[in-house]
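**Q** Pasting a structure here, questions to come.
2 protein chains.
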Amino acid sequence: MSKNIYLTPGPSELYFTVQDHLKTAIQEDVCSISHRSQAFMDIYQNTAARVKELLGVPEEYYLVFTNTATEVWERLIQNCAEKQTYHLVNGSFSKRFYEFSGLLGRKATKLDVPFGEGFDIDQVVVPEEAEMICVTQNETSSGAALPVDAIYQLREKYPDQLIAVDAVSSVPYLNIDYRKIDSLFFSVQKGMGLPAGLGVWIFNQRCVEKANSLEAKGLSIGTYHSIPSLLEKAVKHQTPATPNVLGIYLLGKVCEDMLRRGVEQIRQEVEHKAALTYNFFEAHPNFECFVQKKEHQSQTVLVANLVNCTFQQVSEYLKPHLLQVGSGYGKWKTSQIRIANFPTHSKETFFKLLDLLQEFKA
Amino acid sequence: MSKNIYLTPGPSELYFTVQDHLKTAIQEDVCSISHRSQAFMDIYQNTAARVKELLGVPEEYYLVFTNTATEVWERLIQNCAEKQTYHLVNGSFSKRFYEFSGLLGRKATKLDVPFGEGFDIDQVVVPEEAEMICVTQNETSSGAALPVDAIYQLREKYPDQLIAVDAVSSVPYLNIDYRKIDSLFFSVQKGMGLPAGLGVWIFNQRCVEKANSLEAKGLSIGTYHSIPSLLEKAVKHQTPATPNVLGIYLLGKVCEDMLRRGVEQIRQEVEHKAALTYNFFEAHPNFECFVQKKEHQSQTVLVANLVNCTFQQVSEYLKPHLLQVGSGYGKWKTSQIRIANFPTHSKETFFKLLDLLQEFKA
């Protein structure tokens with residue numbers, strides 16, 4: 001049976017080894033073992049170590065599992081900001097992160113730029129009272145990315161604030177110096193090519209101390225997924241509640257596969273496929289790069305305006321070839337195309353996609 | 001390859017059809033479809049309808065998906081109690097539910113009875129200020145259950161308070177009149193026999209109104225998993241964040257299988273296996289029913305004190321026969337045995353288990 005290939009920006013095509021790992025997981029009773037057993041602790045320890053190895057996370061940074069990246073927005077604000085957060089907002093997801101702060105009773109301030117644009121760090125003015133700067137490194141909704149150098153500039157300019165990085169759709173492509181940020185998080189159903197239902201949250205001692213200080217003041221920092229509660233179990237390679245054991249197992253296995261392939265190789269391939277696609281957008285009369293500035297163009301979520309055609313036309317054209325691409329987000333649903341460029345998407349798939357689109361006529 | 005059979009009280013043995021449904025899920029791209037697509041909405045709608053059908057949940061009750069039952073403790077308190085909750089505490093999980101209320105800044109009061117005991121409803125005195133009565137229908141840690149009639153008595157005695165029922169390890173065996181409670185929740189890795197990583201939260205209009213009233217007062221009721229946020233998406237058969245799509249799919253399929261078998265049949269079989277096991281505990285010199293009062297003995301988590309032997313001895317004895325049973329919880333780890341009696345555990349498995357244990361000598 002021929003299956004579709006999903007070039008959608010999450011959930012997306014599974015990493016090509018996942019199906020085999022699922023079989024092994026069933027054979028090895030991964031779904032039945034206790035989350036307090038040595039067998040589970042071994043899985044947890046392996047996955048945490050492999051994720052850190054793949055992404056280059058320093059030894060002293062903590063790594064815990066949550067349910068989604070969306071949950072981490074909530075937990076970060078609960079644990080690491082008593083009164084005020086600051087946000088760079090340029091799309092639907094960065095906007096939602098900002099809104100969470102208000103919903104949790106914090107004062108949230110922001111720098112807003114239009115959908116599809118990036119940020120000029122010189123224009124960023126973080127209020128002194130803001131305790132955390134929240135950035136969305138890769139805006140999945142618009143395909144605008146924040147270069148790591150811009151994040152490092154923020155660190156230099158605001159050394160006292162915590163810097164939290166939403167890297168939902170850029171991991172493992174994103175190559176960042178973790179020592180220049182305080183927290184980073186992602187979900188596994190995008191670049192990692194796994195079934196949805198698991199988030200990964202990385203943070204440093206400064207975040208722990210902030211959470212501890214809020215707790216010491218008698219403020220509520222949540223319950224089972226507060227930083228202290230997560231860490232109390234993480235040191236034992238366990239979780240506060242029964243986790244998505246299968247998801248944690250699969251993440252470790254896919255990290256092993258990616259490590260064998262080599263993260264540098266993966267990153268080069270992502271850049272190669274992105275370059276081909278952006279060049280195509282520039283050359284074809286029905287497509288037009290949505291993010292204008294090259295340095296703000298995401299390498300993993302490639303977005304184009306559709307000229308004189310609709311997303312439905314493009315989608316219907318590709319359907320017989322078993323290629324599924326993403327529509328624009330929200331009000332851009334019919335007027336844009338979003339193409340995921342994750343490690344599981346092979347060069348051959350991109351050649352096929354672009355060859356087909358080359359022949360597309362509205 | 002011979003696999004172990006897990007008679008552990010969660011995670012437990014997968015429902016025997018899960019492996020086939022996993023294969024179909026992969027073939028049908030369940031892990032790659034967008035959680036905003038019609039294909040996902042169809043899955044959501046089917047699963048919600050089948051769960052309600054299987055459990056006899058009235059049409060007008062809401063059903064939403066969370067990450068775990070543990071999460072529901074937090075969301076219930078955030079959404080349905082402004083100042084005070086009341087708890088029946090007789091084990092580790094009911095105690096943790098109670099503690100969550102304090103962690104969220106509420107005043108929590110409780111009736112405490114010793115581990116392994118049930119409750120005499122005549123002794124329950126709920127303070128007038130308590131907005132929600134929280135009961136753990138089946139204490140997974142001790143094997144003590146709260147009969148549904150006791151819950152109905154609570155409703156008659158305290159019609160103004162919300163009643164929230166933790167049914168984590170008793171669904172789908174539990175046969176309860178939902179109109180006599182306001183909320184019920186469970187995780188799928190116990191009686192439903194599914195991979196961990198999904199919770200189901202059922203609640204009525206009174207809970208919605210309570211959440212709305214707290215929000216109208218300007219209080220924080222959380223973010224993406226507040227009742228209004230969950231319902232806003234649920235009416236469209238969607239979720240606020242990318243959910244465990246595979247888990248939701250599998251839950252619907254297993255409900256269909258259980259509906260074909262018939263929930264009455266399943267409940268009768270559970271009772272039959274429980275009776276056999278409790279009779280065995282009473283007759284064998286190395287076992288002794290932990291929960292003394294018959295009406296408080298759980299039908300789904302069967303707990304015995306071990307007499308003149310340790311859990312390790314029993315466990316090692318069963319291991320060559322590929323049967324995995326649960327140890328006691330916490331400080332009862334070596335001195336008790338916990339046997340899960342879920343729908344996936346066949347009568348034949350119980351015959352084999354009890355025949356073997358019959359021959360056990362410490």
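Protein chains in written order, with full-length UniProt numbering: chain A, 1 to 362; chain B, 1 to 362.
Note that CB positions come from ideal geometry on N, CA and C, so glycine has one too.
Give a yes or no on contact between the segment 128-148 of chain A and the segment 92-105 of chain A, applying the rule of three or more CB pairs nearer than 8 Å.
**A** The segment 128-148 of chain A vs the segment 92-105 of chain A: in contact.
**Q** Below 8 Å on the Cβ atoms is my guess for Gly-222(B) versus Gln-78(B); work out the distance and round it to an integer in Å.
**A** About 5 Å separates the two Cβ atoms, so the contact holds.
**Q** Listing by chain order, which chain A residues have their CB less than 9 Å from the CB of Val-245(B)?
**A** Within chain A, the residues near Val-245(B) are Pro-11, Gln-189, Pro-195, Ala-196, Gly-197.
**Q** Name the chain B residues that come within less than 8 Å of residue 383(A), Cβ to Cβ?
**A** In the structure displayed, chain A extends from 1 to 362; residue 383(A) sits before or after that span and is not available.
**Q** Output, in chain order, the set of chain B residues within a Cβ distance shorter than 7 Å of Gly-330(A).
**A** None at all; the shortest Cβ gap to chain B is about 10 Å.
**Q** Mapping DSSP to helix, strand and coil, what is Lys-3(A)?
**A** Lys-3(A): coil per DSSP, three-state reduction.
**Q** Measure the C-alpha to C-alpha separation of Asn-305(B) and Ser-315(B) and round it to an integer number of angstroms.
**A** Cα-Cα distance, rounded: 14 Å.
**Q** DSSP state of His-321(A), grouped into three classes?
**A** Three-state DSSP puts His-321(A) in a helix.
**Q** When the Cα atoms are used, what is the spatial distance from Met-1(B) to Glu-28(A)?
**A** In this predicted model, Met-1(B) has a pLDDT of only 49, less than 50, meaning its place in the structure is not dependable; the value taken from the coordinates is given anyway. Taking the straight line joining both Cα atoms gives about 10 Å.
**Q** Short check: CB of Leu-162(B) to CB of Cys-80(B), under 9 Å?
**A** Yes; because the gap between Cβ atoms is below 9 Å, this pair is in contact.
**Q** Only counting runs of 4 or more residues, tell me where the alpha helix (DSSP H) segments fall wholly within the segment 190-262 of chain B, in order along the chain.
**A** With a minimum length of 4 residues, the continuous alpha helix (DSSP H) runs that stay inside the segment 190-262 of chain B are 205-216, 227-234, 245-261.
**Q** Between which residues of its own chain and Ser-34(A) is the CB-CB distance below 8 Å, once the five residues before and five after are set aside?
**A** Counting only Cβ-Cβ distances below 8 Å, and skipping sequence neighbours, we find Phe-40.
**Q** Closer than 8 Å, Cβ to any Cβ of chain B: which residues of the segment 276-301 of chain A, in chain order?
**A** Listed in sequence order: no entries.
**Q** Going along chain B in order, which residues have a C-beta closer than 8 Å to the C-beta of Tyr-173(A)?
**A** The premise fails here: Tyr-173(A) is roughly 19 Å from chain B at the closest Cβ pair, so nothing lies under 8 Å.
**Q** Applying a beta-carbon distance threshold of less than 9 Å, which residues of chain B neighbour Phe-115(A)?
**A** Simply none; closest approach about 18 Å.
**Q** Provide the residue span of the beta strand (DSSP E) that contains Ala-81(A), from first to last.
**A** No beta strand (DSSP E) contains Ala-81(A), which DSSP labels as neither H nor E.
**Q** Rounded to whole angstroms, what is the Cα-Cα separation between Glu-71(B) and Thr-8(A)?
**A** Cα to Cα, the separation comes out at about 29 Å.
**Q** Please name the residue, chosen from Arg-50(A), Phe-290(A), Gln-84(A), Pro-285(A), that lies closest to Val-307(A) on a Cα-to-Cα basis.
**A** Taking only the C-alpha atoms, the option nearest Val-307(A) is Pro-285(A).
**Q** Does the beta-carbon distance from Thr-47(B) to Gly-193(B) come in below 9 Å?
**A** No.
**Q** For a contact defined as C-beta to C-beta under 7 Å, what are the partners of Thr-68(A) on chain B?
**A** Near Thr-68(A) (Cβ distances below 7 Å), the residues of chain B are Ala-241, Thr-242.
**Q** For Thr-349(B), which residues in the same chain have their Cβ closer than 8 Å to its Cβ, ignoring the five residues on either side in sequence?
**A** So the list reads Ile-5, Leu-7, Leu-323, once near-sequence residues are dropped.
**Q** For Ile-26(B), return the contacting residues in chain A, with the cut-off set at a CB-CB distance below 9 Å.
**A** Ordered by position in chain A, the residues that pass the 9 Å Cβ test against Ile-26(B) are Lys-3, Leu-14, Val-18, Gln-19, Leu-22.
**Q** Count the other CB atoms within 10 Å of the CB of Ala-216(B); is the residue buried (16 or more) or exposed (fewer)?
**A** Exposed, by the Cβ-count rule.
**Q** Rounded to the nearest angstrom, how far is the Cβ of Pro-11(B) from that of Val-124(A), given a contact under 8 Å?
**A** Their Cβ separation, rounded to whole angstroms, is 46 Å, which puts Pro-11(B) and Val-124(A) out of contact at 8 Å.
**Q** Quick one: using the 10 Å Cβ neighbour count with 16 as the cut-off for buried, is Leu-219(A) buried or exposed?
**A** Label assigned to Leu-219(A): exposed.
**Q** Can you check DSSP and say which residues form a bridge with Tyr-86(B)?
**A** Looking at the DSSP assignment, Tyr-86(B) forms a beta bridge with Thr-109(B), Ile-133(B).
**Q** Hey, out of Ser-298(B), Thr-344(B), Met-132(B), whose CA is closest to Tyr-158(B)'s CA?
**A** Among Ser-298(B), Thr-344(B), Met-132(B), the Cα nearest to that of Tyr-158(B) is on Met-132(B).
**Q** Could you give the uninterrupted runs of the beta strand (DSSP E) lying entirely in the segment 290-340 of chain A, keeping only those of 3 residues or more?
**A** With a minimum length of 3 residues, the continuous beta strand (DSSP E) runs that stay inside the segment 290-340 of chain A are 301-306, 323-327, 336-340.
**Q** Please check if any C-beta of chain B sits within less than 9 Å of the C-beta of Phe-351(A).
**A** With 9 Å as the cut-off, Phe-351(A) does not count as an interface residue toward chain B.
**Q** Can you check which of these residues, Leu-14(A), Gly-330(A), Phe-351(A), Gln-19(A), is closest to His-321(A) by C-alpha distance?
**A** Of the candidates Leu-14(A), Gly-330(A), Phe-351(A), Gln-19(A), the one whose C-alpha sits nearest the C-alpha of His-321(A) is Phe-351(A).
**Q** Is there a Cβ of chain B sitting closer than 9 Å to that of Leu-103(A), yes or no?
**A** Output row for Leu-103(A): interface = yes.
**Q** Take Gln-84(A) as the anchor and find which of Asn-67(A), Leu-103(A), Asn-90(A) has the nearest alpha-carbon.
**A** Minimum Cα distance to Gln-84(A) is reached at Leu-103(A).
**Q** Could you tell me the distance, in whole angstroms, from the CA atom of Leu-14(B) to the CA atom of Asp-257(B)?
**A** About 13 Å.
**Q** Do Pro-343(B) and Ile-266(B) count as a contact pair if the criterion is CB distance below 9 Å?
**A** Yes, Cβ-Cβ distance for Ile-266(B) and Pro-343(B) is below 9 Å.
**Q** Can you check whether the C-beta of Gly-326(B) is within less than 9 Å of a C-beta belonging to chain A?
**A** Judged by the 9 Å Cβ criterion, Gly-326(B) is in contact with chain A.
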